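Visitor: In terms of the working numbering, the sequence shown has 620 at position 84, counting the first letter as 1, and numbering is strictly consecutive.
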Amino acid sequence: MEDQEGPVIEVELSRVGDRWSLKIRDHGPGIDEETIGKIFDPFFTTKTPGRGLGLGLSISYNIIRDFGGRLLAQNHEKNGAVFSLELQAAQAGTLALDARETAAE
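1. For Ile595, count neighbouring Cβ atoms within 10 angstroms of its own Cβ and tell me buried if that reaches 16, exposed if not.
2. For the stretch 586-601 against the stretch 561-572, are there 3 or more C-beta pairs whose distance is under 8 Å?
3. What is the C-beta distance between Gly564 and Gly604, in whole angstroms, given that I count them as a contact (C-beta under 8 Å)?
4. Excluding five sequence neighbours on each side, which residues of the same chain lie with their C-beta closer than 7 Å to the C-beta of Gly588?
5. Return the first residue and the last residue of the beta strand (DSSP E) that Ile545 is part of.
6. First and last residue of the beta strand (DSSP E) that includes Leu621?
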């Protein structure tokens with residue numbers, strides 16, 4: 537893949553103990569250190585004014601945290617950015633709550 541021209545996105549899903557890990561990597565220039573430190577802050581955006589509120593990653597981060605997971609952003613050692621999502625695996629035999637029941641709480 538390193539020799540490929542054009543945009544490249546790698547997706548990796550793995551089981552790590554009792555958690556699932558999803559990693560998404562691009563092969564771009566990465567994220568500068570100042571931005572990476574603020575990327576999950578509410579209303580932080582790198583877009584031009586009028587092109588979004590800067591809430592998407594902040595909302596995602598908080599939803600994942602509320603489910604006991606983690607959302608991380610870092611730069612890959614070679615090039616590009618990596619976003620990692622970790623969530624607790626469901627136990628065998630358990631039922632997921634209906635979304636309407638969860639929202640009512």
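No residue lacks a Cβ here, since even glycine has one placed at the ideal position from N, Cα and C. What you are looking at is a predicted structure, and each value in this text was computed from that prediction instead of being measured.
Guide: Answer, in terms of the structure:
1. Numbered from its first residue, the sequence shown carries residue 595 at position 59. Ile595 should be labelled exposed.
2. no
3. Reading the sequence shown from its first residue, position 28 is the one you call residue 564. Reading the sequence shown from its first residue, position 68 is the one you call residue 604. Their Cβ separation, rounded to whole angstroms, is 30 Å, which puts Gly564 and Gly604 out of contact at 8 Å.
4. Stepping through the sequence shown from its first residue, residue 588 is reached at position 52. Within the same chain, Gly588 has close Cβ partners Thr581.
5. Within the sequence shown, residue 545 is the residue found at index 9, counting from 1. From DSSP, the beta strand (DSSP E) with Ile545 extends over Ile545 to Val552.
6. Here the question's residue 621 lines up with position 85 in the sequence shown. First-last of the beta strand (DSSP E) with Leu621: Ala617 to Gln624.
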